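*Asks:* Residue numbers (my numbering), protein chains in the order written: chain D, 2 to 289; chain S, 96 to 356.
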């Protein structure tokens, strides 16, 4: 088999970052400014005929932390790949405007996969440096940014380690550092903590929140954990499967910044209850 | 893990036991040396004819190493070409397979007729035997890049050249080295087979011809001595390539890691 490296003509990213805004834009939760991510009637049908997404409308405003919550196979990862421009849509439009204005540069979007997806032959520093290296020459300033990014995720001192020498949680931190190194306006995370143990996961939840609070990028976070989505997000889009669609869109009004004590508070419990109900509703509609 | 010492000593002990058994069997049964020489007779011959055999070994070794180098360079280049163009791969790969499955003994006479220069003729024969594992392994490796990493390269707008250099070539390196290890042995076999077909082929005579010659003269101990040198060469080539592979992959590839790491 040939690899997927050479883009097939039809596989060009359809998410033209500076696409013109035709028609009326979906109202953004952030108010007047144009949404960073805007999907209208997005449909995705795979070659096998399976409808992964059907008529998805979604607008994500600048600085929002949106969780896409749903069971396996509801198309949430597909949705994220569409936003990243890695998968073409079969219907509808997807606009992504990560930068101020309609300008977009490589590196304005960061992506974190469920697996750390590090190059095993390269050190942690070389892995984190990759986006900068692709963009051009790596000099003093770039090395500084790599170091800063590693500090931000708590991996300072591990520059010369190889991925195999790190624990699962540290590998995921390296993966996040790589996504942060270009200081992206839009950060896409595809179930990044799903494979980690509960303790590491809670730690990384808090670390991710601190990173978001510092730089305030727009975040799309795919998860199948009700608790994780409730703890992290400013907004939760609940998805239903077959075909994948957004069944509920819930604003989260828990106080900022989020603290660990929140996990035991009644407001948090009530929110989790609400989200769980919305999820159960979505599943029920599907089974009817 | 087996401790380091037994790992060397165990096969050595088996080998020594085998030689003692062989020596005893030959002496006790009174087998003449032109049927089966005792190890001591082979050792004596190795001592006597050693210098001249080593000279012949050098001739064979030169062909082997040149063929291996050509196989690595041209094989790697063909694999790169295949990975660049699917059409090229589809249209040329069957012919590489044909070249691989055709017995070298059958085409060596033709090559020796066509290529007048003896060294070059032998080199071509050995190359034909050796290049295929490198082409097929490296092609596979170049196409085995992690899908998500490839997606990441696309996301950051990497050029095809960058993707090749930073992602596909490092991915392919262990595959290439595995191919190289197979090719090392094959290059030696190819060189020997070609020498068998070519005969003396001029002033310089390789080890294969010495084996033939010893056979005609019923100098069986010398034949065994030459055989021994040949296997030793094969083992050394394999070990050297294994060492190279470990040195290049020691930081990251499972095949080159110590177990406690």
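Using N, Cα and C, we set each Cβ at its ideal position, and we do this for glycine too.
No experiment lies behind these values; they were computed from the predicted model shown.
Mind checking which residues open and close the alpha helix (DSSP H) that includes residue 193(S)?
*Replies:* Taken as a continuous stretch (DSSP letters only), the alpha helix (DSSP H) holding residue 193(S) covers 181-196.
*Asks:* Specify, as a first and last residue, the run of the beta strand (DSSP E) that residue 141(D) falls within.
*Replies:* Where residue 141(D) is concerned, there is no enclosing beta strand (DSSP E), although the alpha helix (DSSP H) it sits in stretches over 141-153.
*Asks:* Is residue 105(S) closer than 8 Å to residue 121(S) when the C-beta atoms are compared?
*Replies:* Cβ atoms of residue 121(S) and residue 105(S): not closer than 8 Å.
*Asks:* In whole angstroms, what is the alpha-carbon distance linking residue 35(D) and residue 96(D)?
*Replies:* Straight-line Cα distance between these residues: approximately 10 Å.
*Asks:* Pull up the CB-CB distance for residue 220(D) and residue 66(D), whole angstroms please, since I reckon it's below 8 Å.
*Replies:* Contact holds; Cβ gap of about 5 Å.
*Asks:* Suppose contacts are defined by Cβ-Cβ distances below 8 Å. Is residue 303(D) in contact with residue 190(D) by that definition?
*Replies:* Past the boundaries of the shown model lies residue 303(D); chain D is included only from 2 to 289, so the question cannot be answered.
*Asks:* Measuring CA to CA, which of 57(D), 38(D), 163(D) is closest to residue 64(D)?
*Replies:* Of 57(D), 38(D), 163(D), the residue nearest in Cα terms is 38(D).
*Asks:* Tell me which residues share the same chain as residue 222(S) and place their Cβ nearer than 6 Å to its Cβ, disregarding the 5 neighbours each side in the sequence.
*Replies:* Contacts found: 162, 165, 166.
*Asks:* Which of the three DSSP states is assigned to residue 326(S) in this structure?
*Replies:* Of the three classes helix, strand and coil, the one that applies to residue 326(S) here is helix, per DSSP.
*Asks:* Classify residue 209(S): buried if its beta carbon has 16 or more other beta carbons within 10 angstroms, exposed otherwise.
*Replies:* Result: exposed.
*Asks:* Measure the Cβ-Cβ separation of residue 302(S) and residue 332(S) and say whether it is below 8 Å.
*Replies:* Cβ distance not < 8 Å, so residue 302(S) and residue 332(S) don't count as in contact.
*Asks:* Which of the three DSSP states is assigned to residue 84(D) in this structure?
*Replies:* It is helical.
*Asks:* Do the segment 189-202 of chain S and the segment 257-265 of chain S touch if we need at least three Cβ pairs shorter than 8 Å?
*Replies:* At 8 Å Cβ cutoff, the stretches do not touch.
*Asks:* Would you give the residue range spanned by the alpha helix (DSSP H) that residue 208(D) belongs to?
*Replies:* Residues 199-216.
*Asks:* Would the beta-carbon of residue 232(D) fall within 8 Å of that of residue 263(D)?
*Replies:* Yes; because the gap between Cβ atoms is below 8 Å, this pair is in contact.
*Asks:* Enumerate in chain order the residues of its own chain whose CB-to-CB distance from residue 274(S) is below 8 Å, with the five nearest sequence positions on each side excluded.
*Replies:* Only 170, 228, 229, 230, 231, 232, 233 meet the Cβ criterion.
*Asks:* When we look at the beta-carbon of residue 213(S) and count the other beta-carbons within 10 Å, is it buried (16 or more) or exposed?
*Replies:* Buried: at least 16 other Cβ atoms inside 10 Å.
*Asks:* May I ask which residues mark the beginning and end of the beta strand (DSSP E) holding residue 210(S)?
*Replies:* No beta strand (DSSP E) holds residue 210(S); DSSP gives it neither H nor E.
*Asks:* Using only the alpha-carbon positions, how far apart do residue 270(S) and residue 277(D) sit?
*Replies:* Taking the straight line from one Cα to the other gives about 48 Å.
*Asks:* Looking at the structure shown, is residue 255(D) part of a helix, part of a strand, or coil, going by DSSP?
*Replies:* Here residue 255(D) sits in coil by DSSP.
*Asks:* Measuring only between beta-carbons, confirm whether residue 284(D) sits less than 8 Å from chain S.
*Replies:* Chain S contact via Cβ: absent.
*Asks:* Excluding five sequence neighbours on each side, which residues of the same chain lie with their C-beta closer than 6 Å to the C-beta of residue 71(D)?
*Replies:* So the qualifying residues of the chain are 77, 240.
*Asks:* Please list the residues of the segment 175-199 of chain S that have a C-beta atom closer than 7 Å to any C-beta atom in chain D, keeping them in chain order.
*Replies:* Against chain D - using a Cβ distance shorter than 7 Å - the residues of the segment 175-199 of chain S are 181.
*Asks:* Using a C-beta to C-beta distance shorter than 9 Å, which residues of chain S count as neighbours of residue 213(D)?
*Replies:* Under the 9 Å cutoff, chain S gives no residues; its nearest Cβ is about 20 Å from residue 213(D).
*Asks:* Could you give the distance in angstroms between the alpha-carbon of residue 325(S) and the alpha-carbon of residue 142(S)?
*Replies:* In a straight line, the C-alpha of residue 325(S) is about 15 Å away from that of residue 142(S).
*Asks:* Let me know if residue 198(D) comes out buried or exposed under the rule of 16 or more other beta-carbons within 10 Å of its beta-carbon.
*Replies:* Result: exposed.
*Asks:* Along the chain, where does the beta strand (DSSP E) containing residue 237(D) start, and where does it finish?
*Replies:* Where residue 237(D) is concerned, the enclosing beta strand (DSSP E) stretches over 236-241.
*Asks:* Report the CB separation of residue 92(D) from residue 155(D) in whole angstroms; it is logged as a contact under 8 Å.
*Replies:* About 42 Å; that fails the 8 Å criterion.
*Asks:* Whose Cβ in chain S lies nearer than 8 Å to the Cβ of residue 87(D)?
*Replies:* Neighbours of residue 87(D) on chain S, chain order: 246, 249, 250.
*Asks:* Contact between the segment 118-132 of chain D and the segment 237-250 of chain S: three or more CB pairs below 8 Å?
*Replies:* Yes: the two stretches touch, three or more of their Cβ pairs being nearer than 8 Å.
*Asks:* Less than 8 Å between the C-beta atoms of residue 250(S) and residue 87(D), yes or no?
*Replies:* Closer than 8 Å, so yes.
*Asks:* Identify the contact partners of residue 253(S) in chain D, using a Cβ-Cβ distance below 7 Å as the criterion.
*Replies:* The answer, in chain order, is 135.
*Asks:* Going by other Cβ atoms of all chains shown within 10 Å of its Cβ, with 16 needed for buried, is residue 265(D) buried or exposed?
*Replies:* With fewer than 16 Cβ atoms within 10 Å of its Cβ, residue 265(D) is classed as exposed.
*Asks:* For residue 128(S) versus residue 315(S), is the C-beta spacing smaller than 8 Å?
*Replies:* It is a contact, given that the beta carbons lie within the stated cut-off.
*Asks:* Please state the DSSP three-state secondary structure of residue 221(D).
*Replies:* DSSP places residue 221(D) in strand when its eight states are reduced to three.
*Asks:* When the cut-off is 8 Å and only beta carbons count, does residue 61(D) lie next to chain S?
*Replies:* No, residue 61(D) does not count as interfacial toward chain S.
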